[in-house]
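So the protein sequences, as listed, match chains F and C.
Throughout, the working numbering is defined as the position within the first sequence, counted from one, plus 17.
Throughout, the working numbering is defined as the position within the second sequence, counted from one, plus 17.
See structure below.
There are 2 protein chains.
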Amino acid sequence: MAWRNSSNVAVAIRRSITDGTYRRHDRLPASRQLAESFGVARNTLRDALQQLEREGLLEIRPGSGAYVTGLGDQSIPKAVEEAAPLELIDARFALEPHICRLCVLHGKREDFDAMDHLCRRMESATADPTAFAEADTAFHKALASTTRSNLLIWLIEQINTVRSLDEWTRMRQLTLNAAMIDQYNVQHRDILNALRSREPERAAAKMKEHLETARLSLTRAAET
Amino acid sequence: MAWRNSSNVAVAIRRSITDGTYRRHDRLPASRQLAESFGVARNTLRDALQQLEREGLLEIRPGSGAYVTGLGDQSIPKAVEEAAPLELIDARFALEPHICRLCVLHGKREDFDAMDHLCRRMESATADPTAFAEADTAFHKALASTTRSNLLIWLIEQINTVRSLDEWTRMRQLTLNAAMIDQYNVQHRDILNALRSREPERAAAKMKEHLETARLSLTRAAET
DNA sequence: ACCTTATGATCCAATACTATTCCAAAAGTA
DNA sequence: TACTTTTGGAATAGTATTGGATCATAAGGT
Numbered sequence: 018m019a020w021r022n023s024s025n026v027a028v029a030i031r032r033s034i035t036d037g038t039y040r041r042h043d044r045l046p047a048s049r050q051l052a053e054s055f056g057v058a059r060n061t062l063r064d065a066l067q068q069l070e071r072e073g074l075l076e077i078r079p080g081s082g083a084y085v086t087g088l089g090d091q092s093i094p095k096a097v098e099e100a101a102p103l104e105l106i107d108a109r110f111a112l113e114p115h116i117c118r119l120c121v122l123h124g125k126r127e128d129f130d131a132m133d134h135l136c137r138r139m140e141s142a143t144a145d146p147t148a149f150a151e152a153d154t155a156f157h158k159a160l161a162s163t164t165r166s167n168l169l170i171w172l173i174e175q176i177n178t179v180r181s182l183d184e185w186t187r188m189r190q191l192t193l194n195a196a197m198i199d200q201y202n203v204q205h206r207d208i209l210n211a212l213r214s215r216e217p218e219r220a221a222a223k224m225k226e227h228l229e230t231a232r233l234s235l236t237r238a239a240e241t
Numbered sequence: 018m019a020w021r022n023s024s025n026v027a028v029a030i031r032r033s034i035t036d037g038t039y040r041r042h043d044r045l046p047a048s049r050q051l052a053e054s055f056g057v058a059r060n061t062l063r064d065a066l067q068q069l070e071r072e073g074l075l076e077i078r079p080g081s082g083a084y085v086t087g088l089g090d091q092s093i094p095k096a097v098e099e100a101a102p103l104e105l106i107d108a109r110f111a112l113e114p115h116i117c118r119l120c121v122l123h124g125k126r127e128d129f130d131a132m133d134h135l136c137r138r139m140e141s142a143t144a145d146p147t148a149f150a151e152a153d154t155a156f157h158k159a160l161a162s163t164t165r166s167n168l169l170i171w172l173i174e175q176i177n178t179v180r181s182l183d184e185w186t187r188m189r190q191l192t193l194n195a196a197m198i199d200q201y202n203v204q205h206r207d208i209l210n211a212l213r214s215r216e217p218e219r220a221a222a223k224m225k226e227h228l229e230t231a232r233l234s235l236t237r238a239a240e241t
């Protein structure tokens with residue numbers, strides 16, 4: 018029975034993921050249980066899991082478990098994955114001001130309330146760049162949702178997926194200090210206020226301002 | 018039951034949302050009830066909810082409850098394939114005027130020459146709606162290419178894939194008569210001229226005019 | 001023989017879950 | 001308005017579970 022090596026275990030697990038036995042966000046059984054069910058040592062099983070983690074299929078969290086992060090082939094398009102930070106800003110420069118205009122047309126009170134809530138979460142995260150970035154992403158997604166256009170929502174989501182990538186995370190650590198977060202918070206409030214008072218062009222202008230700030234902080238970080 | 022951890026609870030709730038068990042603006046059961054029904058401690062349940070909130074799926078209001086704010090992962094092809102024609106116009110309204118501005122910044126002579134060539138192809142296709150639509154798609158893609166941003170090019174391509182869909186083709190048959198094609202050709206020329214003379218705002222304005230024409234012809238066709 | 005690999009055991013550190021308690025915000029009610 | 005109930009938020013301590021790491025040993029292939 019020569020099939021009992023780490024690579025073949027990895028193949029088996031990979032298939033379990035692609036055929037839908039384990040889906041995105043699912044947690045795999047504990048390494049001890051998995052090892053037993055495959056009839057291999059836990060060490061071997063661990064090798065297999067780490068192999069899959071290197072492929073980006075799994076995320077292994079010490080003390081917690083192994084989680085499915087992607088579906089393999091389907092995942093992120095190359096154009097999005099390899100997009101430079103400045104390309105992202107360009108795309109957001111195109112989309113988000115116009116989304117603001119559409120939001121003024123279609124936004125309802127509960128939409129604004131949800132965004133207000135996210136603003137508060139960002140405002141209480143001046144010391145936690147990661148938490149801030151999460152809420153920030155959710156804010157821009159909520160804004161896109163107000164357009165009621167699934168296509169636009171999807172486009173924004175695609176752009177946002179990049180934020181979880183390595184280079185972007187590193188960039189965030191460089192640029193997101195407390196002062197910058199405060200500035201972003203003010204700008205988010207400005208945008209929300211303009212949306213609430215139904216001023217499309219002011220909202221779009223504030224959004225452009227916001228993005229210009231982000232672009233500046235990026236180029237500054239790139240110079241260092 | 019080894020599935021009793023916060024991530025798996027989050028998975029279960031996430032599925033309840035995408036299934037439609039809970040819909041937008043619905044309030045989830047109280048955390049104490051949910052915790053009991055899942056057979057986990059309220060602490061664990063709270064972790065799961067906060068996880069979903071960070072994803073932008075829920076909004077947790079202290080003293081009130083947890084409300085569904087988003088529909089979860091829009092499965093990738095669906096958002097694009099099922100996009101209504103008017104959603105497409107909205108997306109192009111966002112992207113293309115800004116692409117014009119970027120084109121003024123980055124466009125080179127050969128880019129304009131290529132677009133000029135496509136204009137001529139469209140101008141000699143007033144009697145052939147299919148040939149015109151092909152060249153039109155190519156024109157807008159060429160325009161996006163001038164930005165040298167793979168992300169923007171990809172976004173435009175995604176939007177263009179919809180044009181091959183049934184509903185869109187039917188719509189095109191209704192709207193694309195010779196007079197309309199002539200009008201589009203004039204507008205394409207206007208845009209190209211503005212780009213060549215490096216006037217970003219005039220190019221953007223002409224593009225908006227162009228898209229507004231397309232939107233009007235769509236809504237007119239929808240009324241019949 | 002030598003080298004590679006899997007094993008099985010053990011200990012460690014990180015994390016998660018439970019249970020309990022108290023608090024504050026919101027909603028319902030008289 | 002004032003009172004009560006219901007809601008989520010937070011802190012704590014204890015226990016269980018998880019992956020990480022190491023090691024000597026055994027098996028298999030060269």
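Every residue gets a Cβ at the ideal spot worked out from N, C-alpha and C, and that includes glycine.
Taking a contact as a CB-CB distance under 8 Å, the pair residue 139 (chain C) and residue 153 (chain C) counts as one, their CB atoms being some 6 Å apart. A check of alpha carbon separations from residue 164 (chain F) across C:103, C:64 and C:61 identifies C:103 as the nearest. Residues 112, 116, 119 and 161 of the same chain have their beta carbon placed closer than 8 Å to that of residue 169 (chain F), with the five preceding and five following residues left out of the count.
Interface criterion met: the Cβ of residue 110 (chain F) is under 7 Å from a Cβ in chain C. Residue 77 (chain C) is positioned such that its CB atom lies no closer than 7 Å to that of residue 88 (chain C). In this structure, residue 211 (chain C) lies near residue 219 (chain C), with their beta-carbon atoms less than 7 Å apart. A contact between stretches requires three or more CB pairs, one per stretch, nearer than 8 Å, and the region 201–210 of chain F meets this requirement with the region 221–229 of chain F. Your pair residue 198 (chain C) and residue 143 (chain C) checks out as a contact, with CB atoms roughly 5 Å apart and the cut at 8 Å. Under the three-pair Cβ rule at 8 Å, the region 20–36 of chain C counts as touching the region 49–57 of chain C.
For residue 45 (chain C), no beta strand (DSSP E) encloses it, and the DSSP letter there is neither H nor E. In this structure, the beta-carbon distance from residue 155 (chain F) to residue 73 (chain C) falls below 7 Å. Identification of chain F residues near residue 80 (chain C) by a Cβ-Cβ cut-off of 9 Å yields none; the smallest Cβ-Cβ distance measures about 13 Å. In terms of Cα proximity to residue 75 (chain C), the closest of C:194, C:81 and C:85 is C:85. For residue 101 (chain F), the closest C-alpha among the options F:129, F:188, F:71 and F:37 is that of F:188. Note that the C-beta distance between residue 82 (chain F) and residue 40 (chain F) is not below 7 Å.
For a Cβ distance threshold of 9 Å, residue set 127 of chain F lies close to residue 42 (chain C), ordered along the chain.
Per DSSP, reduced to three states, the secondary structure at residue 78 (chain C) is strand.
Under the Cβ criterion of 7 Å, residue 226 (chain F) is not counted among the residues facing chain C.
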